[in-house]
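Q: Heads up, the working numbering is the position in the sequence shown plus 88, with the first residue counted as 1.
Yeah, the Cβ is synthetic: ideal placement off N, Cα and C, and Gly gets one too.
So that we are looking at the same thing, I have put the structure below in structure tokens.
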Amino acid sequence: MQGRRKAREVALQVLYSLNFVDLDVDKALELFWGNFVAPKTAKEFAATLVSGTWGHREELDGLIAGCSDNWSLGRMSKVDISILRMAVFEFLYCDDIPPKVSINEAVDLGKTFGSENSGSFINGILDAIHLKINKSHADQPVHAAGRPAKA
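Now the structure itself:
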């Protein structure tokens, strides 16, 4: 879906900027939309991704750090961290998005906005996180989308 791809690109840009400026999410989005336009559905999904990802970043960072052997978060590029956080947020909180789609979209964002190795780096970490999430929830009922049901 093209609207969601655009929303992810916007969300990445806003999340990346939040690493460097002391703004709340609403203000950061307001500044972004003051300079760029997009369809309403893309704006809504981007806002969901930004606010959810930024609001859960400690939880997301814990999962990322636990699955990134030999790479501390401090050594990762801010682009890669932003992409990883957003994808893991989708894993955990966006039941309508299959994990495979989240991984593919994150890898594409990494190839477009990251370094030469970002795509494979992001893919490896997200695969490990997805396996970890599935393993830890193996005894819970599963949604039709293939995700564990939330308690």
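How should residue 226 be labelled, buried or exposed, when 16 other C-beta atoms within 10 angstroms of its C-beta is the threshold for buried?
A: So residue 226 counts as exposed.
Q: Between the C-alpha atoms of residue 222 and residue 176, what's the straight-line distance to the nearest angstrom?
A: 13 Å
Q: Do residue 207 and residue 189 have their CB atoms nearer than 8 Å?
A: Cβ distance not < 8 Å, so residue 207 and residue 189 don't count as in contact.
Q: Determine the DSSP secondary structure at residue 218, reduced to helix, strand or coil.
A: helix
Q: Closest to residue 98 by CA distance: which of 151, 135, 211, 187 is it?
A: It is 135 whose Cα lies nearest to the Cα of residue 98.
Q: Roughly how many whole angstroms lie between the Cα atoms of residue 103 and residue 183?
A: 21 Å
Q: Going by Cα to Cα distance, which pick from 178, 95, 211, 159 is closest to residue 144?
A: 178
Q: What number of angstroms, rounded off, separates the C-alpha of residue 120 from the C-alpha of residue 113?
A: 11 Å
Q: On a Cα-Cα basis, can you pick out the residue from 158, 211, 219, 139 that is closest to residue 95?
A: Cα-wise, what sits closest to residue 95 is 139.
Q: Tell whether a beta-carbon distance below 8 Å holds between residue 92 and residue 141.
A: no
Q: Where does residue 158 fall in DSSP's three states?
A: coil
Q: Distance check for residue 152 and residue 161, CA to CA, integer angstroms please.
A: 8 Å
Q: Could you say which of 218, 185, 203, 191 lies nearest to residue 133 if we only look at CA atoms?
A: 185
Q: Which of the three DSSP states is assigned to residue 185 in this structure?
A: Coil.
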